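Encoded as C-alpha cells, the structure appears first; notes follow it.
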Amino acid sequence: MAKSKFEYVRNFETDDTCLRNCYIVVRLDGRNFHKFAEQHQFTKPNDNRALGLMTKSAQSVMEELEDIVIAYGQSDEFSFVFKRTSTWFKRRASKLMTHVASQFSSSFVFYWKEFFGEQPLLYPPGFDGRVVLYPSNRNLRDYLSWRQADCHINNLYNTVFWTLVQKGGLTTVQAEDRLKGKLAADKNEILFSEFGINYNNEPVLHRKGTTLIWEKRDETVTKRMKCPNEGEKDVAVTRSRRTVEAYHCDIIGEQFWEKHPDVLEDDN
Ligand code: DGT
Ligand code: MG
Ligand code: MG
Ligand code: MG
Ligand code: MG
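Read the sequence shown against the numbering used here and you will find it ends at 248, with the numbers running on by one and no gaps.
As C-alpha cells, then:
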C-alpha cells in the first residue's frame, strides 16, 4: 500500500515496552479525592459505599481486561498486577495503564447508583495511573505489603483522629495536636482507655483493605435436555467457573500466599 508523506510521524512514538519476566503493576489513585469525598458527603474516616464502588470498579477491570492476577485496594487507590508472562498489548506500558484507568473510571461512574442510590454524582471523577515493574515474587509481595501497611497506618490514624473529634468533642486542630508524634501503641491506648474501642475489632475491610483474586467456583445449574426415548428431562449440570473473589485479610504474612499458591508464578 502506498504510504502518505505524513507517515514518518509514526517514528516519533517512543517504545514503552515493559521488561520481560517482570510483574507489571498499575496503580490508580483518585484525583483530588479529598475534595471529592467532602462534596459527596463520604462518612469519615471510611465510607463503605465508596469502598464498595471502588471494589466493584476494580472487579470490572479484572473481568474486562486480560491477565490481571491480583488487585489490592484501599482508600481512593487500587493496584492491579499483570502476570509476569503477559503479552497483552505487547506489554506496552501506556496501553495497559490507560486501559486500566479508563475501564476503572467508566465503571466508577456506571455503578455509582448501585452504591450511592439517589445521591447524585456531582462531577466526573478522574484517576491517575502509574506503572511499576517488579522482577521477583519477593519484590511484588513487598510492594503489596507496602500498600497494606499504608492502609493500616492511615486507618489507625484516621480512626483515632475522627473518634477524638466525633466522640471526644475535639476540634480537628486539637485532634491533630493531640496525635502529633504519637506512636501506634499510643493511638491504640487512646482508643481503648478513653473510648473503650479495641482497634483490632474495627471492621477488617477498613483495617486490611480489599484483595481481589480469581477463583474457581463450582456452579450447578439445571438444564432441560433431550434424552433418547425419554423426551425432555431436567438435568443438573455442574461446571467450574472463574470468578473474581474479594478478601479483606492480611496479605503481608505467608498464610494468604500458601492458601492461594496459583496467584503468583514461580520465580525460576
Ligand atoms: P491526589 O491523589 O494527589 O489527587 O489528592 P487526594 O486528595 O486524592 O489525596 P490522597 O489520594 O493522598 O488521599 C485520598 C483522599 O481521599 C483523602 O483525603 C481522604 C479521601 N478518602 C478516601 N476514602 C475515603 C473515605 O472512605 N471516606 C472519606 N471521608 N474520605 C475518603
Ligand atoms: Mg496523592
Ligand atoms: Mg487521591
Ligand atoms: Mg490516595
Ligand atoms: Mg483503535
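Every residue gets a Cβ at the ideal spot worked out from N, C-alpha and C, and that includes glycine.
The model shown is predicted, which means the values in this text are computed figures rather than measured ones.
### Query
Taking DSSP as the reference, what is the three-state secondary structure of residue 136?
helix
### Query
Which residues in the same chain have their Cβ closer than 6 Å to the Cβ of residue 111, if we skip the five residues on either side of it in sequence?
6, 73, 77
### With 16 other Cβ atoms within 10 Å as the buried cut-off, status of residue 223
exposed
### residue 53: CB within 6 Å of a non-hydrogen atom of ligand 3
no
### Query
residue -8 to residue 27, Cα distance in whole Å?
45 Å
### Query
What residue from 142, 0, -12, 130 has the CA that sits closest to residue 190's CA?
130
### Query
What's the call for residue 35, buried or exposed, on a 16-neighbour Cβ count within 10 Å?
buried
### Closest by C-alpha distance to residue 245, when choosing among 18, 47, 23
The shortest C-alpha separation from residue 245 is found at 47.
### Message
Does the distance between the C-beta of residue 118 and the nearest non-hydrogen atom of ligand 1 fall short of 6 Å?
### Response
no
#### Entry: Cα-Cα separation between residue 144 and residue 185, rounded to whole angstroms
Approximately 21 Å, taken between the alpha carbons.
### Query
Does DSSP put residue -2 in a helix, in a strand, or in coil?
coil
### Residue interval of the beta strand (DSSP E) (run including residue 109)
107 to 114
### Message
Following a CB-centred definition, is residue 14 positioned closer than 6 Å to any heavy atom of ligand 1?
### Response
yes
### Task
Report yes or no: do three or more beta-carbon pairs, one from the stretch 138 to 154 and one from the stretch 164 to 175, lie closer than 8 Å?
yes
### Query
Can you round the beta-carbon distance between residue 100 and residue 2 to whole angstroms, since I take them to be within the 8 Å contact cut?
Actually they do not touch by this definition, with Cβ atoms about 42 Å apart.
### Query
So does residue 9 have its beta carbon nearer than 6 Å to some heavy atom of ligand 4?
Yes, the Cβ of residue 9 comes within 6 Å of a heavy atom of ligand 4.
### Query
Is residue 24 near ligand 1, going by C-beta to nearest heavy atom under 6 Å?
yes
### Task
Look at the alpha carbon of residue 232 and the alpha carbon of residue 39, and state the distance between them as a whole number of angstroms.
22 Å
#### Entry: Straight-line Cα distance separating residue 62 from residue -1
12 Å
#### Entry: Other residues of its chain near residue 279: CB distance less than 6 Å, five sequence neighbours each side excluded
Only positions -19 to 248 of the chain appear in this structure, which leaves residue 279 out of reach.
### Query
Mind checking whether the beta-carbon of residue 56 lies closer than 6 Å to any heavy atom of ligand 4?
yes
### Query
Excluding sequence positions up to five away, which residues of its chain have a Cβ less than 6 Å from the Cβ of residue 221?
Short of 6 Å from the beta carbon of residue 221, and not among the five residues preceding or following it, lie these beta carbons of its own chain, in chain order: 197, 199.
### Task
Could you tell me if the beta carbon of residue 30 falls within a distance shorter than 6 Å of some heavy atom in ligand 1?
yes
### Task
Check whether the Cβ atoms of residue 157 and residue 9 sit closer than 7 Å, and answer yes or no.
no
### Task
Run the proximity test for residue -9: is its beta-carbon closer than 6 Å to any non-hydrogen atom belonging to ligand 6?
The model on display carries ligand 1, ligand 2, ligand 3, ligand 4 and ligand 5 but not ligand 6.
#### Entry: Candidates -13, 234, 175, 60, of which the one nearest residue 118 by Cα
Checking every option, the nearest Cα to that of residue 118 belongs to 234.
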